[in-house]
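Chemist:
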Amino acid sequence: MSIIVQKFGGTSVGTIEKIQHVAQKVKKEVDQGNQLVVVVSAMGKSTDQLVDMANQLTPNPAAREMDMLLTTGEQVTISLLAMALHQLGLDATSMTGWQAGIQTESVHGSARVQDIEIGKVQNKLSKGSVVVVAGFQGVSQDGQITTLGRGGSDTTAVALAAALKAERCDIFTDVTGVYTADPRVVPKASKLEQISYDEMLELANLGAGVLHPRAVECAKNNDVYLTVRSTFSEEEGTLVKEEVTVEDGIIVHGVAHDEEMTKVTVRGMKKEIGALSRVFKTLASKQINVDIIINQSMYDTDITNIAFSIDSEDLEATLHVLEDNKESLGYEDIIYEENLAKVSIVGAGMISNPGVAADMFDSLSREEIEIKMVSTSEIKVSCVVPAANMVKAVQVLHNTFNLDKVEETEKVNA
Ligand code: ADP
Ligand code: ASP
Ligand code: MG
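Just add 39 to wherever you are in the sequence shown, counting from 1, and you've got the numbering used here.
(1) Going by alpha carbons, who is nearest to Gly53 out of Gly72, Glu68 and Asp87?
(2) Going by C-alpha distance, which of Thr110, Ala150 and Leu120 is nearest Thr135?
(3) Could you compute how far the alpha carbon of Thr270 sits from the alpha carbon of Phe211?
(4) Which same chain residues end up closer than 7 angstroms to Val430 when comparing Cβ atoms and leaving out the 5 residues on each side of it in sequence?
(5) By how many angstroms is the C-alpha of Leu358 removed from the C-alpha of His147?
(6) Is the Cβ-Cβ distance between Glu407 and Val435 less than 8 angstroms?
(7) First and last residue of the beta strand (DSSP E) that includes Glu299?
(8) Following a CB-centred definition, is Asp193 positioned closer than 7 angstroms to any heavy atom of the ligand COA?
(9) List the residues that DSSP assigns as beta-bridge partners of Tyr375.
(10) Is Lys159 near Ala139, with beta carbons less than 8 angstroms apart?
(11) Pick helix, strand or coil for Thr50, following the three-state DSSP scheme.
(12) Would the C-beta of Ala81 count as close to the ligand ASP, meaning under 7 angstroms from any of its heavy atoms?
(13) What beta strand (DSSP E) runs, 3 residues minimum, are completely inside the region 128-166?
(14) Using 8 angstroms as the threshold, is the C-beta distance between Thr219 and Ser229 below it?
(15) So is the beta-carbon of Leu242 under 7 angstroms away from any non-hydrogen atom of the ligand ADP?
(16) Would you list the one or two residues that DSSP bridges to Asp221?
(17) So Ile390 and Glu417 are in contact, right, with Cβ under 8 angstroms, and what is the actual spacing, rounded?
(18) So does Thr185 have its beta carbon nearer than 7 angstroms to some heavy atom of the ligand ASP?
(19) Under the rule that 16 or more other beta-carbon atoms within 10 Å means buried, what is Gln74, buried or exposed?
(20) Residue range of the beta strand (DSSP E) that Gln233 falls in?
(21) Quick check on Asn344: does DSSP put it in helix, strand or coil?
(22) Is Cys257 closer than 8 angstroms to Thr197 when the C-beta atoms are compared?
(23) May I ask you to report which of helix, strand or coil DSSP gives Ser118?
(24) Is there contact between the region 336-353 and the region 306-319, where contact requires at least three CB pairs shorter than 8 angstroms?
(25) Buried or exposed for Ile55, please, with buried defined as at least 16 other CB atoms from any protein chain shown within 10 angstroms of its CB.
(26) If contact is defined by three or more beta carbon pairs under 8 angstroms, each pair taking one atom from either stretch, is the region 121-134 in contact with the region 55-73?
(27) DSSP puts Arg405 in a beta bridge; with which residues?
(28) Please specify which runs of the beta strand (DSSP E), each continuous and at least 3 residues long, are wholly inside the region 253-289, giving them in chain order.
(29) What residues match up with Met412 in a beta bridge as DSSP calls it?
(30) Assuming Met82 and Val115 form a contact by the criterion Cβ under 8 angstroms, report the distance between their Cβ atoms to the nearest whole angstrom.
(31) So, are the CB atoms of Cys208 and Val44 less than 8 angstroms apart?
(32) For Val44, name the three-state secondary structure that DSSP assigns.
(33) Whole-angstrom Cβ separation of Val424 and Ile410, contact assumed at under 8 angstroms?
(34) If you follow the alpha helix (DSSP H) that Ala196 is part of, which residue opens it and which one closes it?
(35) Near Gln233, which residues of its chain fall below 7 angstroms by C-beta distance, leaving aside the five closest residues on each side in sequence?
(36) How would you label Ile289, buried or exposed, when you count the other beta carbons within 10 angstroms and need 16 or more for buried?
Written as structure tokens, this is what we have:
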């Protein structure tokens, strides 16, 4: 008997009819003799609606209460899905994160899963029950309800699959797999049959919302057989695995984008060892995530400017903490530029093919798209550009790196 973990995202469980459809899919696997763990998200856009309600009350809701609020969304879905499964004659038990033994660090809003007391789920499975687990939530050692970050139900599913040594973990969503770019932005994007854990991790970290980055990290660390596929069709999905066969001439496998970035520059700091660490320790003390960093030292002065990019939603907190520590940091002033976005190309083939970054800069500049910041790793290049140019930039890069889908007629004529 094999254990299979299935995860259904918000759109897949957005209505009662869709929950009934999901129940049918679960039944199909059970009828084939498998043991099923089903992880679900909150229905439709209900997490966003909960966030909105909190924001109507206060611009700074307490993080503990926010987690308490947001975890209710998934709790609605698990109970309804368990009922739908009962209606099909199946034994099913719903479990919240803490009931399923999902232990996290003591952080609200974006906690990491530390351990799973998997006996609780195993016990129910062994009694013949389908176990329906609330995604995106856990419990900290001090008994607080925590959440895993937006999109974190994927991580719940993969972490459970790893702990159960499941045969596979299927992420069911509203697209048929992982595409060469977000199909909503690039209509010519095509589905990848396979993608490596490393490339998927880069894409997810760079904004490809189809999988939560920590889910990919967990799959890689535990060698989980992970697929992404559609809830609404039987089409084969994308397999995320260790190594993939690289097709000739394809250096870039995907283009990702991330909206709402802001560039902050701390100007006029004294050039001395420790300046960088002081700035970033100050930001870290407020859990502010910094992305690209540029240290602009001038040769002939003892002054340095430190520029970095952050999520726009962290701007207020960033300015506050820097202002509060102005004296100890010893800078002159701070400037910032909002309404930026990051576009990135990802591909393992870059390691052995020089000139990829140059091609990227060239194609963006031919479209007169200004590049504000750049960062690279072995398998990716990212450029920060004006948000107004983001869609254009993604489409241009998709074309530049030969990812545009060949039209049916061209295929026939070839
Ligand atoms: P779910 O609610 O099922 O978790 P998400 O909205 O989190 O679904 O993720 C699916 C969405 O991810 C798709 O609708 C698509 O717009 C977006 N997406 C972004 N990048 C990609 C990509 N490279 N391939 C496929 N989908 C992508
Ligand atoms: N419901 C949560 C969110 O909207 C978690 C998830 O869907 O994965 O972010
Ligand atoms: Mg998601």
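Glycine is no exception: its CB is placed at the ideal position from the N, C-alpha and C atoms.
Modeler: This is what the structure gives:
(1) Asp87
(2) Thr110
(3) 5 angstroms
(4) Val224
(5) 22 angstroms
(6) no
(7) Gly293 to Lys309
(8) Judged by which ligands are present, the ligand COA is missing from the structure shown, whose ligands are the ligand ADP, the ligand ASP and the ligand MG.
(9) Val303
(10) yes
(11) helix
(12) yes
(13) 131-134, 141-143 and 152-155
(14) yes
(15) yes
(16) Note: Asp221 sits in no beta bridge, so no partner.
(17) 5 angstroms
(18) no
(19) buried
(20) Gln233 to Ser235
(21) strand
(22) Just to set this straight, residue 197 is Val in the shown sequence, not Thr. In this structure, Cys257 lies closer than 8 angstroms to Val197 by Cβ.
(23) helix
(24) yes
(25) exposed
(26) yes
(27) Answer is none; Arg405 lacks a bridge partner.
(28) 265-269 and 277-280
(29) Val423
(30) 6 angstroms
(31) yes
(32) strand
(33) 6 angstroms
(34) Ser192 to Leu203
(35) Thr277, Leu278, Lys280 and Val283
(36) exposed
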